[in-house]
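Single-structure report; data block below.
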Amino acid sequence: MIEAEWWEYDSVDEMANAVAGDIGFIVDSAIEARNAALLAFPGGETPMPIYTKLAEASLPWKRVTIIPGDERLVPMDSELSNVRAIAKTFLPIGARVVPITGDIADHKLAGNSADARLQDLSWPPDLVWLGMGSDGHTASIFAGPDLDDALNAPKARRAVGVMPDPLPPEAPVARVTLTRAAILSARTILITIRGQQKRELLEQAIEDGHSSKLPIGRVLAEAEQPIDIHWCP
Ligand SMILES: O=C(O)[C@H](O)[C@@H](O)[C@H](O)[C@H](O)COP(=O)(O)O
1 MIEAEWWEYD SVDEMANAVA GDIGFIVDSA IEARNAALLA FPGGETPMPI YTKLAEASLP
61 WKRVTIIPGD ERLVPMDSEL SNVRAIAKTF LPIGARVVPI TGDIADHKLA GNSADARLQD
121 LSWPPDLVWL GMGSDGHTAS IFAGPDLDDA LNAPKARRAV GVMPDPLPPE APVARVTLTR
181 AAILSARTIL ITIRGQQKRE LLEQAIEDGH SSKLPIGRVL AEAEQPIDIH WCP
């Protein structure tokens, strides 16, 4: 079983402070070692208060590149766009925010294009920060016809296009996502989730490991680095 450390908080605010502090430390260490930091951030609701806290930190933002770890295939000015939320918070403070999609509607082609964009970045990421959906998806590694592509793409492949099946109600659109190999190549992996139901789901997914039916269980089963999981109700 993987090495997972759980960090529990009483409130969203407490979790946001702690996670923002941890990410600040990751950024500082990366810049000290390599003069640059590459971070992949999740979309969805949970990370938003953490984005806000993190952006208040006085860090050398000009040396920080942030990408979405997954993206919904929607116009970049759509409320559903993950990079839009990242850009809104981190562009004004000087970070470099790199979209991983353009306006390609076909998800397979969008995946190829995202992969090409990511091949231009200095890899591996210092951090891949993940969330988890209540269906057990992480990044945009979903159940459906493209699950195997996302899990078992060749190691050098950084992103693929996916059509979730069933489509998630909160954003029922095709996606591109970091592959399992790209996620696991990160120097650090951090997960943030909220609510008792997700906690039980993730605990079970980790316990089931390779035999988990949930995408997150399949991803984490191959992690070689310890994973920090931050949770609040
Ligand atoms: O773009 C996405 O859909 C995400 O990156 C996704 O993996 C997210 O992390 C989970 O769906 C959790 O979302 P919530 O935090 O909103 O529950």
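Using full-length UniProt numbering, read the sequence shown as starting at 1 and increasing by one per residue. We treat Cβ as the ideally placed atom computed from N, Cα and C, and that holds for glycine.
- Each of 160, 130, 126 was checked against the Cα of residue 46, and the nearest Cα belongs to 130.
- Checking the 8 Å criterion, the Cβ of residue 132 is within range of a heavy atom belonging to ligand 1.
- Beyond the five residues adjoining it in sequence on each side, residue 173 comes within less than 8 Å, by CB distance, of 72, 73, 74, 80, 167 in the same chain, given in chain order.
- If you look at residue 141, you'll find it isn't in any alpha helix (DSSP H); DSSP assigns it neither H nor E.
- Sorting 59, 99, 78 by C-alpha distance to the C-alpha of residue 41 places 99 at the top.
- In this structure, the C-beta of residue 168 approaches ligand 1 to less than 8 Å from one of its heavy atoms.
- For residue 34, there is no enclosing beta strand (DSSP E); the enclosing alpha helix (DSSP H) covers residues 12-34.
- Inter-residue distance for residue 35 and residue 87 is about 22 Å (C-alpha atoms, whole angstroms).
- Taking C-beta atoms under 8 Å as the contact rule, residue 206 and residue 1 qualify, at a distance of about 7 Å.
- In this structure the stretch 51-70 touches the stretch 13-30; the number of beta carbon pairs closer than 8 Å is three or more.
- The Cβ atoms of residue 186 and residue 117 do not sit closer than 9 Å to each other.
- Secondary structure at residue 68: strand, using DSSP grouped into helix, strand and coil.
- In the three-state reduction of the DSSP assignment, residue 161 falls in the strand class, which pools E and B.
- Taken through DSSP and simplified to helix, strand or coil, residue 5 comes out as strand.
- Considered as a whole, the stretch 58-110 harbours 64-68, 70-72 as its complete beta strand (DSSP E) runs of no fewer than 3 residues, in chain order.
- For residue 213, the closest of 52, 189, 151, 193 by C-alpha to C-alpha distance is 151.
- Assigned with DSSP and collapsed to three states, residue 121 falls in coil, not helix or strand.
- Taking 9 Å as the cut-off, the Cβ atoms of residue 126 and residue 37 count as close.
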